[in-house]
Structure formats: C-alpha cells, structure tokens
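Reading the sequence shown from the start, the letters are residues 62 to 310 in full-length UniProt numbering.
This report refers to the structure that appears directly beneath it.
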Amino acid sequence: AGTGKFFVGGNWKCNGSKDSISKLLTDLNSSTLESDVDVVVAPPFIYIDQVKNSLTDRIEIAAQNCWTGKGGAFTGEISAEQLKDIGCKWVVLGHSERRHVIGEDDQFIGKKAAYALSQGLGVMACIGELLEEREAGNTFDVCFQQLKAYADAVPSWDNIVIAYEPVWAIGTGKVATPQQAQEVHVAVRDWLSKNVSAEVASKTRIIYGGSVNGGNCAELAKEEDIDGFLVGGASLKGPEFATIVNSVA
Ligand code: PEP
Numbered sequence: 062a063g064t065g066k067f068f069v070g071g072n073w074k075c076n077g078s079k080d081s082i083s084k085l086l087t088d089l090n091s092s093t094l095e096s097d098v099d100v101v102v103a104p105p106f107i108y109i110d111q112v113k114n115s116l117t118d119r120i121e122i123a124a125q126n127c128w129t130g131k132g133g134a135f136t137g138e139i140s141a142e143q144l145k146d147i148g149c150k151w152v153v154l155g156h157s158e159r160r161h162v163i164g165e166d167d168q169f170i171g172k173k174a175a176y177a178l179s180q181g182l183g184v185m186a187c188i189g190e191l192l193e194e195r196e197a198g199n200t201f202d203v204c205f206q207q208l209k210a211y212a213d214a215v216p217s218w219d220n221i222v223i224a225y226e227p228v229w230a231i232g233t234g235k236v237a238t239p240q241q242a243q244e245v246h247v248a249v250r251d252w253l254s255k256n257v258s259a260e261v262a263s264k265t266r267i268i269y270g271g272s273v274n275g276g277n278c279a280e281l282a283k284e285e286d287i288d289g290f291l292v293g294g295a296s297l298k299g300p301e302f303a304t305i306v307n308s309v310a
C-alpha cells in the first residue's frame, strides 16, 4: 500500500435478500476493522435503507450506479440527490458489468461521475481491460482511454478513487498477480501525472478489484501503488471482508 489512506469497497452487486443482508450486517457490525482504512459497502439500491438503519457508522455506504443528472422523467433510474438523501456517501461508476453487460460507454459514465461529484458524492471510478485487450497488448491504452473520459468530464479529482479492475479477473477466481496489478497502477499514476497533475497523481487512491479474497489480499496489499481493494464475491462474507480490510500493509 502507498501513503494514502487504504480504501476497501465491497460491491454486493445484484445479490442478497432482507434476511441474508441482515445476517451480513450482524457480521460486519461485530467485526474488528483496522482504524486507518476507509471502508465502504455498496448494496443493491432497494436495501440501502435497511443497511443505513442497521450498519455501524464505521462503514460508509455506496450505490452501485446513478443517473447522469437531476432526477425527473427517467423511469427506473435513481438520482445522485436521492442517494445523498438516503445516506449514501459514494457511488460505483463504470463497473465492467455496466460497461460490458449493460453497454454503458465512456462518455455516459463520465457524465455520471461529474454529476455525482457535483452533488457531493464520492466516486469509485472503475476502469479495466478485457482479456482480449490484454492479450493484444492494449491494457494501458484501454485504461488510459477510460481515464481520459473521466478526466474530460470531472472538474476535480478530490473525491475520486480509481478502481483498476481487469475484466478477466472479475468474478472469475483469476486474480491478477501483485506484479500485474502494480504495473497498471503505476501506469495509471503516471498518466494522471502527465495529463492531470503531479498532485492528483500522488494523492489519488488507486484500488485493485478482481477476485480479491481473504487468501490473496495480503500479497496484493504489499504493492506500493495498491491503495486498497474493490471486492465483489468476498464482500458478501463478513469475516472474509474484514480480513481484506485488515490486510493494509
Ligand atoms: C467487482 O465486482 O468489482 C469485483 C471485483 O468482483 P469479484 O471480487 O467477485 O471478482
């Protein structure tokens, strides 16, 4: 881990029920978490209120998506204002499932990021390459293009955490090696330095996501440019998620 405060997010995706979430909240509330770590969980929208009412204030709440602007006649969408109203501090944007399953493009995601920031939400801005893009040697280009879309849209990087999530590692059990992740994190920092500013490059936390679990987190956390994790599957298990939070090196 680097010098910024370690950051661990749990993305529950489209999982859970009132009962299973109630059990997960009990486990999270009783876990011991290192004090020097920002911890955030992202439940499905409809359970955010339940989570807000029962989860310790030690853990902040994120949404998994939001609309590009002010609410209104946008059936099925949730606005950044509504997320603030219900107690969310963060929103995950640009997740690979939204890019590649649902079809969101860079500009649409950039617009969401800018609007969420304007309403005072923090943004977990996801980027990452597909397996074929990695195999073709295009990992950096793909990540830089996705970064540029955020950079073109947002007025400030103060409330952004970048989540590097290689698509081939998400939900597959195929975690990137610490070296593979570190290499991209360094390249992302370098891109920020050249295209935004040296200050943003050094201050912005870059977290890794993709099959992080209780067994592999400690090795990854040792890397200098890995400032935390975005965790999918393993965030549904309270004790394992706590192990990941406490892996800060
Ligand atoms: C994610 O959804 O952001 C993720 C990294 O999932 P998993 O940990 O299950 O690979």
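All C-beta atoms, glycine included, are put in the ideal place defined by N, C-alpha and C.
Small disclaimer: the values here were computed from a predicted structure and weren't measured.
Proximity test, Cβ basis, 7 Å: residue i and chain B
i           : result
residue 184 : Going by chain labels, chain B is absent from the structure shown, which holds only one protein chain.
Proximal residues to residue i (C-beta, below 6 Å), its chain only, five neighbours per side dropped
i           : result
residue 245 : 225
residue 228 : 157, 189, 191
residue 284 : 239, 243
residue 278 : 305, 308
Sequence-distant residues of its chain with Cβ nearer than 8 Å to residue i (five each side left out)
i           : result
residue 83  : 111, 115
residue 294 : 232, 272, 274
Sub-7 Å separation of residue i and residue j beta-carbons
i           : j           : result
residue 132 : residue 291 : no
residue 288 : residue 305 : no
residue 184 : residue 154 : yes
residue 253 : residue 261 : yes
residue 282 : residue 308 : yes
residue 223 : residue 186 : yes
residue 214 : residue 174 : yes
residue 176 : residue 137 : no
residue 68  : residue 266 : yes
residue 286 : residue 65  : no
7 Å Cβ shell around residue i - same chain, five flanking residues per side excluded
i           : result
residue 230 : 236, 237, 271, 272
residue 149 : 109, 122, 123, 124, 182
residue 88  : 299, 300
For residue i, the first and last residue of its enclosing beta strand (DSSP E)
i           : result
residue 281 : Per DSSP, residue 281 belongs to no beta strand (DSSP E); it is in the alpha helix (DSSP H), 278–282.
residue 132 : Premise fails: residue 132 is in no beta strand (DSSP E) and is neither H nor E.
residue 299 : Unbroken run through residue 299 is the alpha helix (DSSP H), 299–306; no beta strand (DSSP E).
residue 154 : 151–154
Residue i - containing alpha helix (DSSP H), residue span
i           : result
residue 357 : This structure gives no information on residue 357, because the portion of the chain shown stretches from 62 to 310.
residue 182 : Segment: none, residue 182 is in no alpha helix (DSSP H) and carries neither H nor E.
Supposed contact pair residue j and residue i - C-beta distance, whole angstroms, cut 8 Å
i           : j           : result
residue 168 : residue 210 : 6 Å
residue 90  : residue 117 : 5 Å
>> With three or more beta-carbon pairs closer than 8 Å as the criterion, would you say the region 153–170 touches the region 195–202?
In response: No, they do not touch.
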